[in-house]
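Asker: Residue numbering for the sequence shown is 0 to 297, as defined by numbering that gives the first Met the number 0.
Glycine included, each C-beta is placed from N, C-alpha and C at the ideal position.
A quick note: this is a predicted structure, and the numbers were derived from the prediction, not measured.
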Amino acid sequence: MADISRVADPLAMSKGEEPMQTVPHWREAWVHFRHSRIAVLALGVLLLLGFAALLAPWLAPYSPTEVSVMDVLQSPNALHWWGTDDLGRDVYSGALYGLRISMAVGLMAGLVAAILGTIIGALAGFLGGWVDALLMRITDFILTIPVLFLALVLIPVFGSSRLIVIFVIGGLAWPSIARLVRAEFLKLRSEAFVEAARGYGARRFKLIFSEILPNTFDLVLVSTALQVPAAILIEAGLSFLGVGDPEPRSLGLMLKDAYGLLGLAWWSAVFPGLVLSALAISLNLVADAFNDAVRGHE
């Protein structure tokens, strides 16, 4: 985590000393990260997939929704590099746009989980007492139930739009982040710099968000990075089970549509599956390496 001894100290400021600023070890962490060839390779794959998703409108030769009865179930060829599905839709174009949807859902669900987990963990760790007990009981309860199962129950109730899917996944993925943030707050709330700020009349809101929370930023970032690939796979699982917004199609929904075509058109499932696998694996490898790099410089 960030070096607590370098946090601005009000006592030092009162003596005319130059306050020290919190300096996360990002440079050292990056050096540590680069030493892992697998992590660097995974980062390269992830960046390539990210650029492909961003540039999908320019890279895709066809519209992902364009149906052509003359091109049904064509194997990979010069016109359709990854072949076509049972409606004549270009698999390569669909995979590019599906990658876009899957990445967007994963990132936004991770952001929702980070916000909820940080707020709940901060309140539990700083306030303690019955607030901590109540929030942690809720956290433990959610952790005992598989996210995919809860999502299957909640999404039909609240609606199947893409935004609902994002909020449901993110709203169920925050407990692990909350527990980590709570533990960090329990450790930091009695540190000298917090006591000094409290002695100078800082209110609870300022202590939480100005003094302690900045020192948990790297922890939250790493925890969120670990949640993103899980969110992508959960969305893919929901789409495969027929839950969620059918348009535009994500990679999971492409796999669902191609499930019954494996014997006739293997390419309609294999290529989207490879893209989804590459995305999930590269994200996991990068997040794990990033976690090791940051924790190695606590």
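1) Could you check what DSSP says for T143 in three-state terms: helix, strand or coil?
2) For F207, tell me which candidate among G236, V221 and F184 has the shortest Cα-Cα distance.
3) Considering just the uninterrupted stretch of the alpha helix (DSSP H) at P228, what are its terminal residues?
4) Using a Cβ-Cβ cutoff of less than 8 Å, which residues in the same chain neighbour L252 once the five nearest sequence positions on both sides are dropped?
5) Using C-beta distances below 6 Å, list every residue in its chain close to Y91, excluding the 5 sequence neighbours before and after it, in chain order.
6) Would you call the stretch 217-227 and the stretch 144-161 in contact, with 3 or more CB pairs under 8 Å?
7) What three-state label does DSSP hand T21 in the structure shown?
8) D89 bridges to which residues according to DSSP?
9) The alpha helix (DSSP H) spanning D211 covers which residue range?
10) Give a yes or no on contact between the stretch 46-53 and the stretch 266-281, applying the rule of three or more CB pairs nearer than 8 Å.
11) Less than 6 Å between C-beta atoms, sequence neighbours within five positions excluded: which residues of the same chain meet that for A108?
12) Does W57 pass the burial test, meaning 16 or more other C-beta atoms within 10 Å, or should it be called exposed?
13) Taking I114 as the reference, give the member of L212, R36 and L133 with the closest Cα.
14) Flag this pair as yes or no: are the beta carbons of P247 and I100 separated by less than 8 Å?
15) Going by C-alpha distance, which of D85, A38 and V30 is nearest S67?
16) Please report the residue range of the alpha helix (DSSP H) in which N290 lies.
17) Using the Cα positions of L149 and Q226, report the straight-line distance between them to the nearest angstrom.
18) For a quick check, are the C-beta atoms of A52 and T223 less than 8 Å apart?
19) Could you tell me whether the Cβ atoms of V44 and A277 are closer together than 8 Å?
20) Please classify T143 as buried or exposed, where buried requires at least 16 neighbouring CB atoms within 10 angstroms.
21) Of the choices A268, G262 and E27, whose alpha-carbon is the least far from that of R88?
22) Between the Cα of M102 and the Cα atoms of L263, E234 and M69, which residue gives the shortest distance?
23) Please confirm whether L179 and G105 have their CB atoms less than 8 Å apart.
24) Looking only at its chain, what residues have a beta carbon closer than 7 Å to the beta carbon of T83, apart from the 5 residues adjacent to it on each side?
25) Can you give the Cα-Cα distance for F289 and A195, rounded to whole angstroms?
26) Who are the Cβ neighbours of L134 in its own chain at under 7 Å, not counting the five residues just before and after it?
27) Is it buried or exposed, W129, if we count other Cβ atoms within 10 angstroms and call 16 or more buried?
28) Give the range of the alpha helix (DSSP H) segment to which A177 is assigned.
Answerer: Result, derived from the coordinates:
1) Position 144 of the sequence shown holds residue 143. Coil, per DSSP.
2) Taking the first residue of the sequence shown as position 1, residue 207 is located at position 208. According to the sequence displayed, residue 207 carries Ile and not Phe. Comparing Cα-Cα distances from I207 to each of G236, V221 and F184, the minimum goes to F184.
3) As a working note, residue 228 is residue 229 in the sequence shown. That run of the alpha helix (DSSP H) goes F216 to F239.
4) The residue given as residue 252 occupies position 253 in the sequence shown. Taken in chain order, the residues that qualify are G97, S238, F239, G243 and P245.
5) One-based indexing of the sequence shown puts residue 91 at position 92. Excluding sequence neighbours, Y91 sits near W80 and W81.
6) no
7) On the sequence shown, position 22 is the one that residue 21 refers to. In this prediction, T21 has a pLDDT of 43, which is less than 50 and means its spatial position is unreliable; what the coordinates show is noted afterwards. Coil.
8) Counting from one through the sequence shown, the residue named residue 89 turns up at place 90. Its beta-bridge partners are T83.
9) Locating residue 211 in the sequence shown gives position 212, where the first residue counts as 1. The displayed chain sequence assigns Ile, not Asp, to residue 211. Run containing I211: none; DSSP gives neither H nor E here.
10) yes
11) By 1-based counting over the sequence shown, the position of residue 108 is 109. So the list reads I165, I168, G169 and A230, once near-sequence residues are dropped.
12) Residue numbering aside, residue 57 sits at position 58 when the sequence shown is read from its first letter. Label assigned to W57: exposed.
13) Walking along the sequence shown from the start, residue 114 turns up at place 115. Ranking L212, R36 and L133 by Cα distance to I114 puts L212 first.
14) For the purposes of this step, residue 247 is taken as the residue at position 248 of the sequence shown. For the purposes of this step, residue 100 is taken as the residue at position 101 of the sequence shown. Going by C-beta atoms, P247 is nearer than 8 Å to I100.
15) Taking the first residue of the sequence shown as 1, we reach residue 67 at position 68. Among D85, A38 and V30, the Cα nearest to that of S67 belongs to D85.
16) Taking the first residue of the sequence shown as 1, we reach residue 290 at position 291. Element bounds for N290: W266 to R294.
17) The sequence position of residue 149 within the sequence shown is 150, counting from 1. The sequence position of residue 226 within the sequence shown is 227, counting from 1. Taking the straight line joining both Cα atoms gives about 16 Å.
18) In the sequence shown, residue 52 corresponds to position 53, counting from 1. In the sequence shown, residue 223 corresponds to position 224, counting from 1. Going by C-beta atoms, A52 is not nearer than 8 Å to T223.
19) As a first step, residue 44 is located in the sequence shown; it is residue number 45 there, counting from the start. As a first step, residue 277 is located in the sequence shown; it is residue number 278 there, counting from the start. Contact: yes.
20) As a working note, residue 143 is residue 144 in the sequence shown. Its Cβ having fewer than 16 others within 10 Å, T143 is exposed.
21) Position 89 of the sequence shown, counted from the start, is the residue given in the question as residue 88. The shortest Cα separation from R88 among A268, G262 and E27 belongs to A268.
22) In the sequence shown, counting from the first residue as 1, residue 102 sits at position 103. Minimum Cα distance to M102 is reached at E234.
23) By one-based count along the sequence shown, residue 179 stands at place 180. By one-based count along the sequence shown, residue 105 stands at place 106. No, these two residues do not count as a Cβ contact at 8 Å.
24) Here residue 83 corresponds to residue number 84 of the sequence shown, with the count starting at 1. If we look at T83 and ignore the five residues flanking it on each side, its Cβ neighbours are D70, V71, L72, Q73, D89 and V90.
25) Counting from one through the sequence shown, the residue named residue 289 turns up at place 290. Counting from one through the sequence shown, the residue named residue 195 turns up at place 196. Their backbone Cα atoms lie some 32 Å apart in a straight line.
26) Position 135 of the sequence shown, counted from the start, is the residue given in the question as residue 134. So the qualifying residues of the chain are I119, L122 and A123.
27) Here residue 129 refers to the residue found at position 130 of the sequence shown. Exposed, since its Cβ has fewer than 16 Cβ neighbours within 10 Å.
28) The residue you call residue 177 lines up with position 178 of the sequence shown. Counting along the chain, the alpha helix (DSSP H) containing A177 begins and ends at P174 to L187.
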